[in-house]
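In full-length UniProt numbering, the protein residues as written are 1 to 275.
The C-beta atom is built at its ideal place from N, Cα and C for all residues, glycine as well.
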């Protein structure tokens, strides 16, 4: 694929880095770190947040360390994936199940959060509630103590109302992936955009948002709250970049969405970080 030429600095906050041996599971496309770096370069992306794919009932210690190791000397910013014991159920049965649930050996603990936060290889956290459930109160308290951003995969199985009830009122920045409406649920996307009025520490990332109307609405109504995400390697990052480039918004708003907004929240994405 030809390199995409544009004048914007672009940073990506939604890139999975599976293990190159394909052990991440059948749904996780195998890609090497070198190939991912080439594809990012082709799309004009200067830095990318990377994290391991989600896997049920799995400790993320080894996958996280693998991502951090392969980020060395590359324009990658490693985030640690975490999991939890809490389901989003608000009925009596769900509350009882959460009350009696306990961590297993593969669950993230408060100590894990602190270790990741004070390890200079990691710059934030990633959570996929559909696979990993939600952290318990002790882990959420630890996340608030360290204050690093948390990227959360939103969608029909982790809808905006549930994210609001479990995460959005916390003190750490929450970046809701896929506008909270994956796969292609416009009603959920618009609901999530509306939540930006209520939650000041909430941001949206644009991966797999294929509707121009919702993208433009978010950028126009909340120009400081939208981050670019490519969704690589599921799709080539050129696709996501082109979708933002073709929006009918000002160049200043494009610059914010492509890099300025994310750099304000994730320090390691700044042009001078790591120099």
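The alpha carbon of residue 202 has as its nearest neighbour, out of 140, 193, 46, the alpha carbon of 193. Looking only at 63, 77, 195, 74, the smallest Cα-Cα distance to residue 83 is reached by 63.
Nearest to residue 88 by alpha-carbon distance, out of 163, 112, 12, is 163. Beta-bridge pairing by DSSP links residue 134 to 86. Around the Cβ of residue 38, a 10 Å sphere holds fewer than 16 other Cβ atoms; the residue is exposed. Around the beta carbon of residue 135, 16 or more other beta carbons sit within 10 angstroms, so the residue counts as buried. In the three-state scheme derived from DSSP, where H, G and I count as helix and E and B as strand, residue 211 is classed as coil. Residue 230 counts as buried, since no fewer than 16 other beta carbons sit within 10 angstroms of its beta carbon. Taking C-alpha positions only, residue 171 is separated from residue 79 by approximately 18 Å. The region 67-79 makes no contact with the region 152-163: fewer than 3 CB pairs, one atom from each, lie closer than 8 Å. The region 227-244 and the region 252-267 touch, with three or more beta-carbon pairs separated by less than 8 Å.
For residue 12, the uninterrupted beta strand (DSSP E) run begins and ends at 10-16, by DSSP. Annotation for residue 121: no beta strand (DSSP E) segment contains it, and DSSP assigns it neither H nor E. In terms of Cα proximity to residue 9, the closest of 46, 250, 138, 36 is 46. Residue 58 and residue 4 have their C-alpha atoms some 37 Å from each other. Under the 10 Å beta carbon count, residue 241 is surrounded by 16 or more other beta carbons and is classified as buried. When DSSP states are grouped into helix, strand and coil, residue 79 belongs to the strand group. For residue 124 and residue 248, the gap between their C-alpha atoms comes out near 32 Å.
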